[in-house]
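These notes concern the structure reproduced below.
There are 2 protein chains.
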Amino acid sequence: MNVTGATLIRGQWSPGTGPALHAVNPATGQSLPGDFHESGPEQVEVACRAAAEAAPAYRAVPREQRASFLEAIADEIDALGDVLTERVVAETALPQGRAAGERGRTVNQLRLFASVVRDGDYLGRRHDTALPDRQPLPRPDLRLTHVPVGPVAVFGASNFPLAFSVAGGDTASALAAGCPVVVKAHPAHPGVSELVAGAVQRAAERTGMPEGVFSMLHGGAEVGQALVVDPRIRAVGFTGSRGGGLALVEAGQRREVPIPVYAEMSSVNPVVVLPGALADPGALAREFAGSLVKEAGQYCTNPGLVFVPTGDDGDAFVDASAAELAQSPAQVMLTPAIAQACAQGVQAWRAVEGVEVVAAGEVTDATATPTLVTTDLDVFRREQGLSAEVFGPAGLVVRYPSVEELVDVLAGIEGQLTATVHGTVQDHDAAQRVLPVLEDRAGRVLWGGWPTGVEVATAMVHGGPFPATSAPATTSVGTLAIARFLRPVSYQNLPEELLPVELR
Amino acid sequence: MNVTGATLIRGQWSPGTGPALHAVNPATGQSLPGDFHESGPEQVEVACRAAAEAAPAYRAVPREQRASFLEAIADEIDALGDVLTERVVAETALPQGRAAGERGRTVNQLRLFASVVRDGDYLGRRHDTALPDRQPLPRPDLRLTHVPVGPVAVFGASNFPLAFSVAGGDTASALAAGCPVVVKAHPAHPGVSELVAGAVQRAAERTGMPEGVFSMLHGGAEVGQALVVDPRIRAVGFTGSRGGGLALVEAGQRREVPIPVYAEMSSVNPVVVLPGALADPGALAREFAGSLVKEAGQYCTNPGLVFVPTGDDGDAFVDASAAELAQSPAQVMLTPAIAQACAQGVQAWRAVEGVEVVAAGEVTDATATPTLVTTDLDVFRREQGLSAEVFGPAGLVVRYPSVEELVDVLAGIEGQLTATVHGTVQDHDAAQRVLPVLEDRAGRVLWGGWPTGVEVATAMVHGGPFPATSAPATTSVGTLAIARFLRPVSYQNLPEELLPVELR
């Protein structure tokens, strides 16, 4: 179970041939075990070639066996025990409880996709029987199923070292679809990545999967670009910053054969507080503060933008939120770069005329305490920069004078992963006006509660209009995520014996 | 029923404010009635604004009423009678029988989408019930449905003046999805476009659809670009040339908010003849020639590339095909530009060393007789240009010495709309090796028959890997085409009263 720093290609571990890369504990700045190196260009190439060579064999693996592979990965991850969660804590500064919870989500996700594969409904099979006597022309026999697109590149996400990294949602859904996967581990948790890659490899061996069905590379943006432009890669799954995502989307489009890059990028997850929800402003403020600062606010679904009515009840909510946040201790952020970006985002808010600071957080090179700023609807409408995501424990409250003016502003906001409305029965009329506008701007609409906490389920959408994602018709969480790595094919008049197994 | 040359915007007819545009009979070069003008930039803008304003009302129209709208369009098109088919023949030089048949396909397509809308399965609804007692965290109530993406721009196709133009497949599927449509009519059949737009408008009025649900503009590439970059447009449907499609895809990606451009572009539709299929080479050659020259070969699914075994039987097939094609009369092409491109394509084939002409067709400014050329697998592998689409009655036969070498070449061909295999029971072993490779390269796989003739059905895929289309996970023909204009949204803990009607 030692972390060595190696790269996994075609079932073999070997040292990366690129520059050194260091595993660091963000809480202490100390180096962690493992002699990591980025993967060299020839290693990227070999991993992609191995995936392409494995593709025909892997797509032919019976569904039952593919499901067993996914379950074996889950079992192997579970078997890593505390070694894994301790390394998560060491590399990310996320609390132990979160590490254990995220491991649970990761293995449940793999097992859920195993059940999806077994069930077979995801194939979306259709059949039009032949009508040989139809006039003026006979109808042929047509059968449709969905086939795997081919090798998929997956990028580990910094903020979900297990659930959206080496064997996270993108990998689980791509493997479930029947696509070989090449992962680029996130450089902020290379040791966790190696441990999980080992689990995948053992599962692949144990269940007799073709060599090359899974590889894991180390590296940064350069390795990522090389991976996306490799001609053997057919689709990409990415969760991260807007800048990183857009660069990969562009690389995917510039190729001789363009490919879809499914990038989940950024979202401020607007929350609309309707007047009736302010009966107990203190209670609502406690919930809001809890969601905003959870794990230093490092969630894609962090509620970074809250619309609150003008007036005394709204004032009370803002005051109570500020008071809650002022008591919130400093938390270590995932990386110094993330802390720095958070500090810059907060600074940009504070520089806007008409923005008032109500909880003045501090962001150091490593840690952050929460910031809360407020402004009015006019300033928010005028200053486009205010709606940019600040990744971390930082929120913006916008005070609105009327639902009518609010709806007008909501219609103009960028695409979001989530949009939440708080209200009571007395707010239903207002909600009827607000909800259709939010539905047009978001992938998930909540009534009450807070957007952090993304259920891995059949009816989940973790997606949304650009720039929340690059592909609004898809989700990266939940069973529907498998659709990103499938393509429909129609078979006309094929004899039973020559039809794909799934259509016989 | 007179053709005036006007543009339809927000339910009103008005003259285009751009340059004049002429309706021409390609068979005679004569002008046809109608004082056509391209739409000016402000007309494009107003049509898109009208579509955006109509979007919330149109998406709220009950499904039953939306289905009636689609059926009313079909009825109004039928009611145009001979006026419509005569104008099709005059503007396209397609035969009367084809015009009537295409009208039948168009109205059937609209009625099929009406049934899809009524049925509601296309919404892909999912429900995870709340689990309030689940440990460690309760599960919320989650319901998923698919919502319309918003205003869609549709480009009329030159080669399907009815079935893939103003009220063709893209328009039918977008309107079925609940999206307002702005059509750019193809400049090669502006009069047909006006007649059909009138039918749509009458149907919209008759069924009480919101103003702006449908507009039709006239123009060329410039108007098309303006339409795609209009910020209110959320998706685009296009069928046409690779150059035209790629330019629109790029325009869609360059926008501040990128949008999907569903472009169906080009395909040579490879046909593999296995040895057993050559028992009667003359019969097979007659079928091939019939498919290749049908309506001057102006089908996206024209069988432009045929792989035939070396040896006597294959020679006999080539000779018989050449003889069939030599007897085929000259046919008028859709436009002089298409005739010119066909001539250039044929010329490029003939210029390649190792390519032999077996039927020397002639392409004039307006008409074409069929061309057939042959070469061997080595030349085909070496000369990438040979696999480019030549739109028109022109085919390339590649002779292959063994299935093994053939499979190697097939694995390297570009993405295709269709791939066809001819064989008998004795060829099943070879077919088992060929079919998986073709499945990876095409959207529809046929056993026997010819790819021309695309059934509008539930199990049809008219799509395929790039460059056949820009979006291999989708189809532009068949009921699955509706998925291009939908986006999943998840609703968390919404009270019954506030849920979308479809989820209550």
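Line by line, the protein sequences are chains X and H.
Under this note's numbering, the first residue of the first sequence carries the number 470, and numbering increases by one thereafter.
Under this note's numbering, the first residue of the second sequence carries the number 470, and numbering increases by one thereafter.
Just so it is clear, CB atoms sit at the ideal spot from N, CA and C, and this is done for glycine as well.
Asked: Which chain X residues sit within Cβ distance under 7 Å of H:Tyr960?; Found: Val914
Asked: Determine the contact status of H:Leu539 and H:Phe582, defining contact as a CB-CB distance below 7 Å.; Found: yes
Asked: So which residues on chain X does H:Met929 lean against when the C-beta distance must stay under 7 Å?; Found: Leu611, Ser959
Asked: So, under 8 Å CB-CB, X:Val682 and X:Ala516 are touching, yes? Tell me the CB distance rounded to an integer number of Å.; Found: Not quite, the Cβ-Cβ distance comes to about 11 Å (not below 8 Å), so this is no contact.
Asked: For H:Thr779, count the other beta carbons within 10 Å of its own beta carbon; 16 or more makes it buried, fewer makes it exposed. Which is it?; Found: exposed
Asked: If the cut is a Cβ gap below 7 Å, which residues of chain H does X:Arg595 touch?; Found: Thr927, Ala928
Asked: Give the secondary structure of H:Glu514 by DSSP, where H, G and I count as helix, E and B as strand, and everything else as coil.; Found: helix
Asked: Taking C-alpha atoms, which residue in X:Glu966, X:Trp919, X:Arg902, X:Gly918 lies nearest to H:Pro969?; Found: X:Arg902
Asked: Can you grab the Cα-Cα spacing for the pair H:Glu873 / H:Thr844, in whole Å?; Found: 18 Å
Asked: Roughly how many angstroms separate the alpha carbons of X:Asp909 and X:Thr943, rounded to a whole number?; Found: 15 Å
Asked: Kindly indicate if chain H contains any beta-carbon less than 7 Å away from that of X:Arg608.; Found: yes
Asked: Kindly list, in the order they appear in chain X, the residues whose Cβ is closer than 9 Å to that of H:Arg574.; Found: Those within 9 Å of H:Arg574 in chain X number zero; the least Cβ separation is about 10 Å.
Asked: Using the beta-carbon of each residue, which ones in chain X are nearer than 9 Å to H:Gly714?; Found: Here the premise fails: no neighbours, minimum Cβ distance about 12 Å.
Asked: Helix, strand or coil, according to DSSP, for H:Arg956 in the structure here?; Found: strand
Asked: Look at X:Gly974 and X:Val472 and say whether their C-beta atoms are less than 7 Å apart.; Found: Any property of residue 974 of chain X remains undetermined from this structure, which presents chain X solely from 470 to 973.
Asked: Residues of chain X with CB under 7 Å from H:Phe935, in chain order?; Found: Val726, Pro727
Asked: Report yes or no: do three or more beta-carbon pairs, one from the region 574–591 of chain X and one from the region 631–644 of chain X, lie closer than 8 Å?; Found: yes
Asked: Just reading off the alpha helix (DSSP H) that X:Gln534 is part of, what are its end residues?; Found: 532–548
Asked: Using only the alpha-carbon positions, how far apart do X:Pro679 and X:Ile478 sit?; Found: 13 Å
Asked: So, does the CB of H:Pro450 fall closer than 7 Å to a CB anywhere in chain X?; Found: Residue 450 of chain H lies beyond the stretch modelled for chain H, which goes from 470 to 973, so this question has no answer here.
Asked: I need the DSSP call for H:Ser500, collapsed to helix, strand or coil.; Found: strand
Asked: What is the DSSP secondary structure of H:Leu753, counted as helix, strand or coil?; Found: helix
Asked: Helix, strand or coil for X:Trp919, going by three-state DSSP, please let me know.; Found: coil
Asked: May I ask you to report which of helix, strand or coil DSSP gives X:Thr676?; Found: coil
Asked: If you reduce the DSSP assignment to three classes, tell me which class X:Arg701 lands in.; Found: coil
Asked: State the DSSP-derived secondary structure class of X:Arg711, mapped to helix, strand or coil.; Found: helix
Asked: Could you check where the alpha helix (DSSP H) with H:Gly638 kicks off and where it finishes?; Found: 638–646
Asked: Can you name the residues of chain X whose CB is closer than 7 Å to the CB of H:Ala900?; Found: Leu967
Asked: First and last residue of the alpha helix (DSSP H) that includes H:Phe786?; Found: 781–795
Asked: Mind the definition here: the region 825–835 of chain X touches the region 788–797 of chain X only if three or more C-beta pairs lie below 8 Å; say whether that holds.; Found: yes
Asked: Indicate whether at least one CB of chain X lies closer than 7 Å to the CB of H:Glu831.; Found: no
Asked: Could you give the C-beta distance for H:Thr708 and H:Ser537, rounded to a whole number, given that I count them as a contact under 8 Å?; Found: The pair is not a contact, with the Cβ atoms about 27 Å apart (cut-off 8 Å).
Asked: Pick helix, strand or coil for X:Ala475, following the three-state DSSP scheme.; Found: strand
Asked: Would you say H:Ala942 lies against chain X (beta-carbon separation less than 7 Å)?; Found: yes
Asked: Should X:Val730 and X:Leu715 be called a contact, given that it needs their Cβ atoms to be closer than 7 Å?; Found: no
Asked: Any idea what DSSP makes of H:Phe776, helix, strand or coil?; Found: strand
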